[in-house]
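Trainee:
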Amino acid sequence: MKDNVHPSLVKPHSSDGIIGLIHLIRSMLADLLKLIAVEAKLFGYTALTMVALSLSIALLMVGGWLFAGVALVMVLANLSVFSLTGALLAVALLHLVLAALVFWRLVFITRDLTFRESRASMDNLLTHARTLVDRSLEE
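Numbering (the numbering used here), first residue to last: 29 to 167.
1) Is arginine 139 helix, strand or coil by DSSP?
2) Would the stretch 51-62 count as touching the stretch 76-86 if we require 3 or more Cβ pairs under 8 Å?
3) Can you give the Cα-Cα distance for leucine 49 and serine 55, rounded to whole angstroms?
4) Go ahead and pull the three-state DSSP assignment for valine 109.
5) Over the uninterrupted alpha helix (DSSP H) stretch that includes glutamate 145, give me the two end residues.
6) Is the stretch 82-102 touching the stretch 112-126 in the sense that three or more CB pairs, one from each, lie closer than 8 Å?
7) Given a cut-off of 7 Å on the beta-carbon distance, is the pair glycine 97 and valine 119 in contact?
Printed below as a string of structure tokens:
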């Protein structure tokens, strides 16, 4: 009678199904680990490329800033507005003023970054720890 029954209607033994499920889970985990390894390699390559490009951009910007300062000194010296020393001092003073403005802007931007919730949480944790220590000392 088993010969006349369609194969999809024959129930496999329960151990065959469990073994098949275990093999399926193993292959799925192996594929997942391969995917994680590939993604980690891609992330590392991308992060390294971004750091290298950021460093080169920073060097180019610093070089451009220095050459712009030198050009300004040359213009001031050639126009006979300042002597060479006076032009160098004027450009240095200009750089100091610009640095002070950037610092002031940075302080202005970060003044609202007080992290009130984090500080309150830490204060609460410290208060709780102090009460526990005080209780243990009283006993």
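We put the beta carbon where it would ideally sit given N, CA and C, even for glycine.
Mentor: Short version:
1) On the sequence shown, residue 139 is found 111 positions in, with the first residue counted as 1. Of the three classes helix, strand and coil, the one that applies to arginine 139 here is coil, per DSSP.
2) no
3) Within the sequence shown, numbered from 1, the residue matching residue 49 stands at position 21. Within the sequence shown, numbered from 1, the residue matching residue 55 stands at position 27. Each residue's Cα considered, the two are about 10 Å apart.
4) Within the sequence shown, numbered from 1, the residue matching residue 109 stands at position 81. Valine 109 falls in the coil class under three-state DSSP.
5) For the purposes of this step, residue 145 is taken as the residue at position 117 of the sequence shown. Counting along the chain, the alpha helix (DSSP H) containing glutamate 145 begins and ends at 144-166.
6) yes
7) Here residue 97 corresponds to residue number 69 of the sequence shown, with the count starting at 1. Here residue 119 corresponds to residue number 91 of the sequence shown, with the count starting at 1. Yes, Cβ-Cβ distance for glycine 97 and valine 119 is below 7 Å.
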